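Residue numbering for the sequence shown follows this note's numbering, starting at 18 and increasing by one per position. Glycine included, C-beta positions come from ideal geometry on N, C-alpha and C. Computed from a predicted structure; not experimentally measured. A short write-up of the structure that comes next.
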Amino acid sequence: MLIVVAGSSGLIGRALVTELREAGHEVRKLVRRAPAADDELDWDPTSGSIASGTFDGVDAVINLCGAPVQGKWTTELKRRMRDSRIEPARTLAGAVAEQGVPVLLCASSVSFYGNTGAAVADETSGSGAGFLAQMVIDWEAATKAAQDAGSRVALLRTGLVLTPDTGLIGVLRPMIRLGVGGRFGDGRQYIAWISMADEVAAIRYVLENPGLSGPVNLCAPEPVTNAEFTKAVGRALGRPAFLSMPKAVVRFALGEAADELALISLRVVPQVLSDAGFKFRHTELDDALADIL
Ligand SMILES: NC(=O)c1ccc[n+]([C@@H]2O[C@H](COP(=O)([O-])OP(=O)(O)OC[C@H]3O[C@@H](n4cnc5c(N)ncnc54)[C@H](OP(=O)(O)O)[C@@H]3O)[C@@H](O)[C@H]2O)c1
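Written out as structure tokens, the structure is:
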């Protein structure tokens, strides 16, 4: 297939481009600067449209755009988090509709479900509340033009992708090494995690499986609690992690982001992928961590 990827310079994008090329697909990258290679096409995600002809002969567009959600959540950062997702999704969906691309896969997040507590959420579950949940609802809604035009649109509701130096592991790793790492709050909140190998394999599976559309949860079949996750990172690093960081301290350190990122429970399962027969390489967190740490 001929595939165009937006957000290809990111963590998932780089791994996905490699995965797709190794599988024999032809990949072109949409870049927000002047193209510097034959496989690059320029675009302005805020413009609302993409030059006609850009998607000639393209079988699928994959959108992975979005500014980081880490950091102190100022009004400006929150605006950037939303705009960097919703505007590119709307621009791409409009162009996919206009230029007749058959397939659009759009990044999304398990944050859609809001705080699930101990209840299990799958793709049939409703949306939750909070800044991130509302952002994801609006992000997914921005793909409407492509859905209305009859393209196959899949919403890649991704959990925490495990990488050695970023996200939760990037925070925990140095702390655990110093002997001060521990669970957040009571540690009973769930984390829907996925290894990078499974993340990109699952995106390829959705791409190549014409029966898959709508929301698809990209997370391992067994979410773990924050306490289990922290202990597993400690085991992988050969350092015990038995401390806990009280909720008040987490909230002081992270502000509003504490309840949306660190203390939220996301007990989400990949029902659609499992029903479709996708085989995860990493179903056990310890195995996934052993491969990256
Ligand atoms: N990693 C995770 O654990 C995780 C979990 C859930 C959801 N997701 C979602 O999956 C997508 C990819 O994640 P990632 O971890 O690969 O993110 P990433 O490493 O931060 O990369 C995101 C890419 O988005 C593009 N981008 C950044 N700022 C932008 C802006 N203002 N406007 C338009 N595009 C912008 C950049 O690509 P270019 O420079 O090539 O344009 C960047 O490399 C994101 O939408 C993210 O929210 C990720």
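When secondary structure is reduced to three states using DSSP, Met18 falls in the coil class, being assigned neither helix nor strand. Closest in alpha carbon position to Ile211, among Lys46, Ala84 and Lys296, is Lys296.
Each of Leu33, Leu260 and Glu115 was checked against the Cα of Gly65, and the nearest Cα belongs to Glu115. Closest by C-alpha distance to Pro287, out of Leu235, Val241 and Gly111, is Leu235.
The beta-carbon separation of Val197 and Leu260, rounded to 7 Å, stays under the 8 Å limit for a contact. Rounded to whole angstroms, the separation of the alpha carbons of Ala53 and Phe201 is 44 Å. Glu57: member of the beta strand (DSSP E) spanning Glu57 to Asp59, first to last residue. With fewer than three CB-CB distances shorter than 8 Å, the region 266-286 does not count as touching the region 212-226.
Excluding residues up to 5 positions away in sequence, Ser212, Ala214 and His299 lie with their Cβ nearer than 8 Å to the Cβ of Asp308 in the same chain.
Secondary structure at Leu224: helix, using DSSP grouped into helix, strand and coil. DSSP assignment within the region 107-157 yields the following whole beta strand (DSSP E) runs of 3 residues or more, N-terminal first: 120-126. Shown here, Glu239 sits in coil according to DSSP, grouped into three states, outside any helix or strand. Cβ-Cβ separation between Gln206 and Ser142: approximately 17 Å, too far for a contact (criterion under 8 Å). Each residue's CA atom was taken as its position, placing Glu93 and Gly147 some 17 Å apart. With contacts defined as CB atoms closer than 8 Å, Gly134 and Leu81 fail to qualify as a contacting pair.
Burial is judged here by how many other beta carbons sit within 10 angstroms of a residue's own beta carbon; Thr247 has at least 16 and is buried.
Of all alpha-carbon atoms in Glu301, Ala159 and Val250, the one lying nearest the alpha-carbon of Asp182 is that of Val250. Cα atoms of Ala110 and Val120: separation of roughly 10 Å, rounded to the nearest angstrom. Of the other Cβ atoms in all chains shown, fewer than 16 fall within 10 Å of the Cβ of Thr63; this residue is therefore exposed. Secondary structure in the region 151-208: the alpha helix (DSSP H) runs of 4 residues or longer, each lying completely within the stretch, are 161-165 and 184-194 in chain order.
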